[in-house]
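Remember, this note's numbering sits 1 above the position in the sequence shown when you count from 1.
Here's the structure, in structure tokens; my notes come after.
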Amino acid sequence: MARPPPLGELPPGYTPPARPATPQILAGSLKAPLWLRAYFQGLLFSLGCGIQRHCGKVLFLGLLAFGALALGLRVAIIETDLEQLWVEAGSRVSQELEYTKEKLGEEAAYTSQMLIQTPRQEGENILTPEALDLHLQAALTASKVQVSLYGKSWDLNKICYKSGVPLIENGMIERMIEKLFPCVILTPLDCFWEGAKLQGGSAYLPGRPDIQWTNLDPEQLLEELGPFASLEGFRELLDKAQVGQAYVGRPCLHPDDLHCPSSAPNHHSRQAPDVAQELSGGCHGFSHKFMHWQEELLLGGMARDPQGQLLRAEALQSTFLLMSPRQLYEHFRGDYQTHDIGWSEEQAGTVLQAWQRRFVQLAQESLPENASQQIHAFSSTTLDDILHAFSEVSAARVVGGYLLMLAYACVTMLRWDCAQSQGAVGLAGVLLVALAVASGLGLCALLGIAFNAATTQVLPFLALGIGVDDIFLLAHAFTEAPSGTPLQERTGECLQRTGTSVTLTSINNMVAFFMAALVPIPALRAFSLQAAIVVGCNFAAVMLVFPAVLSLDLHRRHCQRLDVLCCFSSPCSARVIQILPQELGNGTVPVGIAHLTATVQAFAHCEASSQHVVTILPPQAHLVPPPSDALGSELFSPGGSTRDLLGQEEGTGQKAACKSLPCARWNLAHFARSQFAPLLLQSHTKAVVLVLFGALLGLSLYGATLVQDGLALTDVVPRGTKEHAFLSAQLRYFSLYEVALVTQGGFDYAHSQRALFDLHQRFSSLKAVLPPPATQAPRTWLHYYRNWLQGIQAAFDQDWASGRITRHSYRNGSEDGALAYKLLVQTGDAQEPLDFSQLTTRKLVDKEGLIPPELFYMGLTVWVSSDPLGLAASQANFYPPPPEWLHDKYDTTGENLRIPAAQPLEFAQFPFLLHGLQKTADFVEAIEGARAACAEAGRAGVRAYPSGSPFLFWEQYLGLRRCFLLAVCILLLCTFLVCALLLLNPWTAALIVLVLAMMTVELFGIMGFLGIKLSAIPVVILVASVGIGVEFTVHVALGFLTAQGSRNLRAARALERTFAPVTDGAISTLLGLLMLAGSNFDFIVRYFFVVLTILTLLGLLHGLVLLPVLLSILGPPPEVVQMYKESTEVLSPPAPQGGGLRWGISSTLPQSFARVTTSMTVALHPPPLPGAYIHPASEEPAWSPAATPAANGPSNLGSRGLCPATG
């Protein structure tokens, strides 16, 4: 027997039949909105028919195009630079950052490595010699770290940051200082002699043991070397820095230590020091003047007595400073140690990273497990490693998530009836969405949009969940095609019915993510753009390629082959099931119903020697009124599917070979039709729903007041890790931030000194700024510069009064007096640069504490060259840097008297420490105060801005809520316009927007109850929730809008049609998000999985519960009103004139046939909406008892065609 023609290969000349007008279904003429929608649906119908006609070609080209785009992933770039991720491009902070980089370069002056020690027992005092011993043990272990790279050994002394190394003319002393000059280590151990053990430098002098900081007394050394070298300048340098005896003059933690120097205050008494007393007020490095470590840098959890004396503390902190890669590269460039390895800045960075990783590892392992204290270590490389791990794609979770989705799609779309089963369609749909996601991300990579942690950790799962929603919708619609739809038009009819919904949801999703790109954070802007592009690729795949998959599956079903295993024929393909006749009765046709049900007698004849079936319908058909239900005559069940027929089988007669399980009789559509909708649309249920959702909205409004701003680093790092323990301890005990007040170019520093002092004073008065000790001058370059000038002025006055300096000679004066002499005679005039009469008529600093403007830049040159320790301590970072100038008081030539003036400054900074910043509100207050101080200085002519991590990462919160509110409002307006445009019904669009606004408010409020803080990431999700919520609402709204009857009936019909696909879509979204719950990062779980899961559940409740209730109460009137005429032509078909309706190819009944009598339920659908295909009356087959094989070709009823024999 010949096989039926393949359904995907329609005749080339096939065109959809004409669509005659159907005025009988409308109350009046067609309305413009309905006509426009019908026109759009007509385009979708033509698209679907074209895809079905060329399904193989469309599928091949679609897969080829998406696969080509997916190859773009090869050029994807993952961005992990915090500044690039969080600083808004073009913003005030971004411009300030660019200015800083332009003047100073790309990197900071140094990088920090930190050790924090806390007691294992909460609240225990840590200010004990035993606790400091453990801290010394950990710090020593960390400071002795060595790494071998490029054939060289790198230790702390080679790569640490050294502040203010002086230039000494004596070569021997210079080499000794270079080896001995200490690293900058901020540690509580510096209050004791043991702090010297952390310094690894050493030098050798003949006749002496190796000189180290543990045995170095600078004063004694200078006395011993005095007879052999002129060290007066070096001695004055040490005196100004107040070096004194350095470490050997400090108490020993253990005075009985054999190496405790005799100069230690407690060496002879052998008494352990009072740790709290020694640490009170902070500690000093080797320079008491320039290296003062305040208490807040060293101690955490401090407690004081009423007099302010330190009593106890709960944490200790030591900070090791390393050079930046650029500094390390410059330091060893051209050095004999690196000349043979092709030394580069990249290699310098590799050395630093390797040392930092080893530092953290050894520090964390330095104390035994049973120690009473615990050490937390952290470095800048640790943070980079966390960000890289955070941005890595978890292949296991991606594969697991997609396999789970494949299993769900396959299982939910499998049916016992092979003609209705779509398991293979589900598998193909999920794989197609996966390819679309990959192609969308590949397109983003080709467009140069950098990936980040949100892209790699969240987007693949979120896009999968959203994309599969539309797959389920199309698959459900395809299986529920109206009876009588020609096979050649099944795909067109499917797109015609669902294309509007899919288009609407996809456009809204894209608009939502594009609007989320308004959030001024580069990482979230990139994520939003990538999500919008991926949604667009999903839309193209669902509307263009997936219909081709459906068309191919229709061919399989037409040939009655097994689902998934399509190479095998179905064992049930030609079985005849005996169904008992239903009781017939006469009834009238209700008005306003969606379709009618008629029960007729059908005679099916089977030939014993073959598997061919011929079913004959008699001309008599009686209409059966719909069964009663909770909605009265307004709602009843549609014609059942094969599974419904299987469920009606009873035990009389011959049993079916393919009997279904009882569970196969139930589905979501049946549940929505027979149980959910009747219950939901009762009056008292509506009242309860409105009250409950109103209460939820009220609670959410209260919860919205509980939402705090912020995103701490502890929220990002996985809990239970050593990094999280460090960050938690740091946030609790050492919430300190180094910031700087940067002054720019564009104004005259020399004439704006008063304004600069006022700016510093205004900034210092901010509550968050840590004030310096009362005994210490402000740590700024302008104060250090002025104080240095006052010091050399005093030395000059003393030398002048004693006669050691005269008008014509300064050789007998002090070093400082000679410097002041040279400065005082400067005029700044290129023609007459020197004026000796000014020696007694001017001062380097006037009575108001200001430097004469004509001397300002020349004095700056002298200060920078003569006071390296003061310059380093000020952290001025001058640009352009003042020229180098060497002073020799014994050179009295005119050239030596001339001092080159520094160029006008374009960059300088005042350093500050911010403390007490625990909450985002504290950061915002500090930022606002700093900005106000800079604005006030701007009015005085000084251009300045604050710089530091708080301003980089927390300034976004100044306008985050305003940005969020603006984005949501604009998006809701856009959603209204899009819905109103595509639905052509502003009334329905307004109800959709109302529900979406409620969802956003409720999600925001629930975040407050769960303690989820508002940052840029939740803002993106909240903005995107509007678009995602459309997935749950627009299908129901469109189903209501296109149904006929009363509001209750239309709401019920909308639920019946959309309950299953919407629920399946929600479950698929949850399955896509489920993989996020397994993330190692608590941040992903809380801020993405929890928030998006709540959003999905809210969308499901609002779309399937609240919206139908609102539509049944406030919904718009129907666009189409059906009008039926009671006539015999409707109740009884006319006698056939030509060919008849038959299934099979022959109506003759040979003797070898067995007759089986059945009853069948046939749905008589009313005229469809405009834009839908309408069969002309002449094309409707009539029944004829004497039909001949030649009279008819294969039937147009999808599963009723002839099946090939199995075997």
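Note that CB positions come from ideal geometry on N, CA and C, so glycine has one too.
query: Span separating the alpha-carbon of D336 from that of Q328; result: 14 Å
query: Beta-carbon proximity list for G124, same chain, < 7 Å, skipping 5 on both sides; result: E315
query: Pair within 7 Å by beta-carbon distance, L407 and T320; result: no
query: G63, enclosing alpha helix (DSSP H) - first and last residue; result: 56 to 71
query: CA-to-CA distance, K104 to E907, given in whole angstroms; result: 8 Å
query: E225 versus V88 - alpha carbon distance; result: 56 Å
query: Buried or exposed by the 16-neighbour rule on C-beta atoms within 10 Å, applied to P210; result: exposed
query: Among V550, Q531, F735, nearest to I52 - alpha-carbon criterion; result: V550
query: Within 7 Å, strictly: CB atoms of L433 and F540; result: no
query: Stretch pair the region 813 to 833 + the region 746 to 762: three plus CB contacts closer than 8 Å; result: no
query: Under the three-state DSSP convention, the category W955 falls into; result: coil
query: Selection from N813, Q957, W801, Y750 that minimises the alpha carbon distance to Q904; result: Y750
query: N- and C-terminal bounds of the beta strand (DSSP E) containing F908; result: 908 to 915
query: 7 Å Cβ shell around A478 - same chain, five flanking residues per side excluded; result: C495, R498, T499
query: Contact set for H752: own chain, Cβ-Cβ below 8 Å, skip 5 residues either direction; result: P854
query: Strand pairing of F379, partner residues [DSSP]; result: M115
query: Alpha helix (DSSP H) segment containing S149, residue limits; result: Unbroken run through S149 is the beta strand (DSSP E), 147 to 150; no alpha helix (DSSP H).
query: C-beta contact flag for C192 and E297 at 7 Å; result: no
query: Backbone secondary structure at V276 - three-state DSSP; result: helix
query: Ordered list of alpha helix (DSSP H) runs contained in the region 757 to 818, each at least 4 residues; result: 782 to 803
query: Alpha carbon of S373 to alpha carbon of H260, nearest angstrom; result: 27 Å
query: I1072 vs L317 beta-carbon contact at 7 Å; result: Position check: residue 1072 holds Leu in this sequence, whereas Ile was assumed. Cβ atoms of L1072 and L317: not closer than 7 Å.
query: Helix, strand or coil at W344 [DSSP, three-state]; result: coil
query: Inter-residue spacing [alpha-carbon to alpha-carbon] between R720 and Q200; result: 35 Å
query: Span separating the alpha-carbon of L771 from that of P1019; result: 33 Å
query: Limits of the unbroken beta strand (DSSP E) element including E739; result: 738 to 745
query: Where the alpha helix (DSSP H) through L135 begins and ends; result: 130 to 144
query: Beta carbon of A821 nearer than 7 Å to that of Q794; result: yes
query: Cβ pair L428, C411 closer than 7 Å; result: yes
query: Residue range of the alpha helix (DSSP H) that includes G1209; result: Nothing about residue 1209 can be read from this structure; the chain reaches only from 2 to 1208.
query: Supposed contact pair T976 and L1042 - C-beta distance, whole angstroms, cut 8 Å; result: That pair is no contact at about 16 Å.
query: Exposure of S610, with buried meaning 16 or more beta-carbon neighbours within 10 Å; result: Unreliable placement is indicated for S610, whose pLDDT of 44 sits below 50; the coordinate value is still reported in the next sentence. Exposed, since its Cβ has fewer than 16 Cβ neighbours within 10 Å.
query: Proximity of N510 and G1028 at Cβ, strictly below 7 Å; result: yes
query: Check whether G711 and Y785 have beta carbons under 7 Å apart; result: no
query: When S552, I467, W194 are compared against L60, the one with the closest alpha-carbon; result: S552
query: Sequence-distant residues of the same chain with beta carbon closer than 6 Å to Q458, five excluded per side; result: I1085
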